[in-house]
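Working notes for the structure below.
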Amino acid sequence: MKKLIFIVFIGTFSFLTLSSKETTAFESTYQPGNSGDILIENARILTGTGNEILGGSILISSNKIKAIGKDLNKPVNTQTIDANGKWVTPGIIDIHSHMGVYPAPGLRSSSDGNESTSPVTAHVWAEHSVWTQDPQMPLALKGGITTFHVLPGSANLIGGRGVTLKNIWSRTVQGMKFPGAPYTLKMACGENPKRVYGGRNSEPSTRMGNVAGYRKAWIRAQGYRNKLAEYESKSEEAKELEYAPTRDLELETLVGVLDGEILIQNHCYRGEEMAVMLDIAKEFNYKVTTFHHAVEAYKVADILAENGVCAAMWADWWGFKHEAFDMVWENAAIVDQANGGNGCAIIHSDSSVGIQRLNQEAAKAMAAGNRAGLDIPSSRAIQWITLNPAKALGIAGKVGSLEVGKMADVVIWDGNPFSVYTKTEKVFVDGVLLYDKDNPSTPKATDFELGIINSEGDRL
Amino acid sequence: MNLNKKVFIGLLSLLISSFSLADELLLKNAKIHTATDRGTIEKADILIRDGKIVRIGKNIVSSRAVEKDLSGKVISPGLIAPLTQLGIVEIELIPETRDDRSDIYSAGLSIDSAFNPSSTLIPYNLTGGITVSLTSPSSSGLFSGLTSAFSLSGSLEESLISSNIALSANIGGGEDSMAAKVQLLGDSLTLSAFVELKECLEMHHNKSSLPDGVNYSCRDLLALKKVVDKKIPLVVRANRASVILTLIDFAKTNNINLIINGAEEGWRVSKQLAEAEIPVILQPIDNIPNSFNELGSRLDNASLLHKSGVKILIGSHETHNAYLSRQGAGIAVSYGLPWEEALKGLTKNIAEVFKLDKRGSIQPGYIADIVIWSGDPLEVTSFVEQVYLSGESVPAKNRSMRLKDRYISQ
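Chains as they are written, first to last, in our numbering: chain V, 1 to 460; chain G, 461 to 870.
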């Protein structure tokens, strides 16, 4: 039932600059500490690229993966971790989180995920709501989460900008922002917007009202984009004689989508609604990156694969809303295997409980697929919570797999991560050991937790 | 009659008699988790007759039984879901599909007549290993109402197992002080102790001793009286350690049977809970400090409570996926709860605390509600292969499976 809090009011947002390239507000100030040189040896490695290495090693140096394979040379002054009997995976990525914007404890005063005052709020940015001291974040770190994507909720048709964060302790949200990660835009299909606004006897109150609302917004965005282009096309002399078009926060974000700089993350449960949203994207020439909460993705898995769209799914949530009624346990597996194995399946949480064990959620979805005869090894299922969300967030060049040159976001598990009994032992973000089961002062407690029921020692 | 004919008739009659005598079911060569002190028995058999378990052991032979070889499979008792809304809710967000709340009755609300054995949620949870639900109303007032136990058989006539076996109360949430709610809880019980139905109907004297605005129907008062008379336990949702202590004291003072639901900070008062012999219903997957009353929430709560001797019942926050209690149990194991105790928390302990007769474990004389698993019942990659309810195999097909069949080959 607690998840209802999120489901019912998911949708806020934010924006700011965008199309104007000179925008530099709120830039990432994230700087990892010094990782030193670390060699993890004798591990069973799921690389995130689809491979599995038995008895493998990973060399971390200067915050990056420097080498991966068998029998790596150990450079001098390298700390060695014997991972015999352990499994190693890339850092886990949750593409759908509200940590920071719906923090714990769940109080109205910090419930900042939905700017549900107007159905289109492309001008709000989730990062401006993030409470960096949300105690849910270190709990997620213990679950292996090294990167998470914070979205506005789904009360609105267009809820605002999402932000991708490194799961580190920081005083500022800028200090957590994933360097170079593209912005995202939250959109929402279906019941939530029509319930929120229809309940106020305003538009939209139907699904057709929803669609009209998206299209009207994109038409305005096209107009603004033309105005900007027209100004830009003028000679320098002509520009001196008139003001540049006034910035419009809302439309800047939408133009960013039309320009391919901002990635659409679209909350959408039903198959037919996904197909409609893809046609809207064609009408206005933008791309949907991911459908979130895609409970019915299995019904349109081939269409999603053909269009190169990812589906972010739960393993088994259903029934809290009518549009979540047609859940199948094989959803992720069917999406994954669409069009000859060219689908993009992602397991997401939308939950501070679920985010702590996305590995188990992926395990359930994998097992359901295998039971149905779809042959999905764990080396592939691990991609549902690593490389695929990285791709869908536009950060796959930096994280999501254990490849040379990528950020050293690495998790050491005490066993097979596709088991209820397995826990993380060590979690590295950019090669820095932020959680170590043998060090009770990790993960670093949030400010909120200090002095509360001996949090650092007692709360697991 | 020649010899051949005699032999033929003899064989025929043997065949007929063996068919007619095949009123037993013999499940063979399975790993059996009994949820009793016998623990787990490797490669063993279960003999079932008339819906009851007759015998558990190695190399059981019966000429009357239909045999089923379960080599490599795992058997557990059917799981019992504590405090769900199974059968009385379809879609959480659509009020007209919910029969779990009432403004008319409070303590006296019995949901039996609303229970829908054909609810879409039931096959999902049956195929997830749940055989019995303790279905409870969830009104948000001081009293939610009465819990009843139902089989997930789907039977229109025979789903109800036992009626009105516990009363649920809420003292958290809302604007009013928790202290006032505990006081009102006590006053309400005290008042109900003196109530006889006739007297209540005649006099309505109940109003005088309660604050303005608090009204109980006779039905409500009689439900409360069952708690006072120790005929049923009172289930109170509480997480904060100090509140749990208050409730322990409350149970002593009022001489009632208490069950704490939630108990996220139970580990801080585990000795007191054990001493008072108060069982707890845990949702071990939830370690989020959702409110200021559960800042001490932690994943090894179940383990710590068990070590102190507290009886643990394991549930889930979810009604649609009540069966995910087994994942919570697995997580509790990974944080130190012994595996056998986790299984008891899903089965035997619930049956004992809610007095479900002859249910919750695999032992002679018990009702044969049995689940066959592909592997470890607590493991997320295991699944249910077959469910037996009172010894009868149940067709395990739900909407999810049919939708999958329709779309998987497209």
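Just so it is clear, CB atoms sit at the ideal spot from N, CA and C, and this is done for glycine as well.
At least one beta carbon of chain G lies nearer than 8 Å to the beta carbon of residue 453/V.
At a cut-off of 8 Å between beta-carbon atoms, residue 255/V makes no contact with chain G.
Residue 801/G does not reach chain V, its nearest Cβ partner there being about 15 Å away, counting only Cβ pairs nearer than 9 Å. Beyond the five residues adjoining it in sequence on each side, residue 79/V comes within less than 8 Å, by CB distance, of 36, 37, 38, 39 in the same chain, given in chain order. Residue 148/V is bridged by DSSP to 94/V, 165/V. Here residue 48/V is near residue 382/V, since their CB atoms are less than 8 Å apart.
For a Cβ distance threshold of 7 Å, nothing in chain V lies close to residue 636/G: the least Cβ distance comes to about 17 Å. Secondary structure of residue 647/G (DSSP, three-state): helix.
Under the 8 Å Cβ criterion, the region 600 to 615 of chain G does not count as touching the region 781 to 788 of chain G, having fewer than three qualifying pairs. A Cβ-Cβ separation of about 7 Å places residue 586/G in contact with residue 856/G under the 8 Å criterion. Excluding its 5 nearest sequence neighbours in each direction, residue 278/V has C-beta neighbours in its own chain below 8 Å: 288, 303, 307, 309, listed in chain order. Close partners of residue 327/V in chain G (Cβ separation under 7 Å): 860. Within the region 326 to 350 of chain V, contact with chain G at the beta-carbon level (separation under 7 Å) is assigned to 326, 327, 328, 329, 330, 334.
Here DSSP, grouped into helix, strand and coil, assigns residue 603/G to strand.
Here residue 293/V is not bridged, per DSSP, to any residue.
The Cβ neighbour count for residue 214/V, taken over all protein chains shown within 10 Å, is at least 16; the residue is labelled buried. Residue 537/G sits close to residue 821/G, with the two beta carbons spaced by under 8 Å. Ranked by Cα distance from residue 62/V, the options 409/V, 138/V, 417/V are led by 409/V. In this structure, DSSP gives residue 223/V a helical state, which the three-state scheme calls helix. Taking 7 Å as the upper bound on Cβ-Cβ separation, chain V lies near no residue of the region 495 to 517 of chain G. Residue environment for residue 136/V: buried (at least 16 other C-beta atoms within 10 angstroms of its C-beta).
Judged by DSSP secondary structure, residue 709/G falls within the alpha helix (DSSP H) whose first and last residues are 701 to 714. Residue range 859 to 867 is occupied by the alpha helix (DSSP H) that includes residue 865/G.
Here the C-alpha atom of residue 796/G lies approximately 21 Å from the C-alpha atom of residue 138/V.
Counting other Cβ atoms within 10 Å of its Cβ, residue 761/G reaches 16 or more and is therefore classed as buried. Residue contact check for residue 596/G against chain V: no CB pair falls below 8 Å. DSSP places residue 428/V in the strand class (E or B) of the three-state scheme. When C-beta distances to chain V are compared with 8 Å, every residue of the region 707 to 718 of chain G stays at or above that value.
The continuous beta strand (DSSP E) containing residue 413/V extends over residues 410 to 413.
The C-beta distance from residue 727/G to residue 764/G rounds to 4 Å, short enough to fall under 8 Å. By the CB criterion at 8 Å, residue 529/G and residue 519/G fall outside the cutoff. Per the DSSP secondary-structure output, residue 721/G pairs in a beta bridge with 697/G, 741/G. Contact annotation: in the region 419 to 443 of chain V, residues whose CB is within less than 8 Å of a CB in chain G are 419, 420, 421, 422, 423.
For the C-beta of residue 298/V, the chain G residues within less than 7 Å are, from N- to C-terminus, 867. Counting C-beta atoms within 10 angstroms of its own C-beta, residue 636/G has fewer than 16 neighbours from the protein chains shown and is therefore classed as exposed. Within the region 726 to 743 of chain G, those residues whose Cβ lies closer than 9 Å to any Cβ of chain V are, in chain order, 727, 728.
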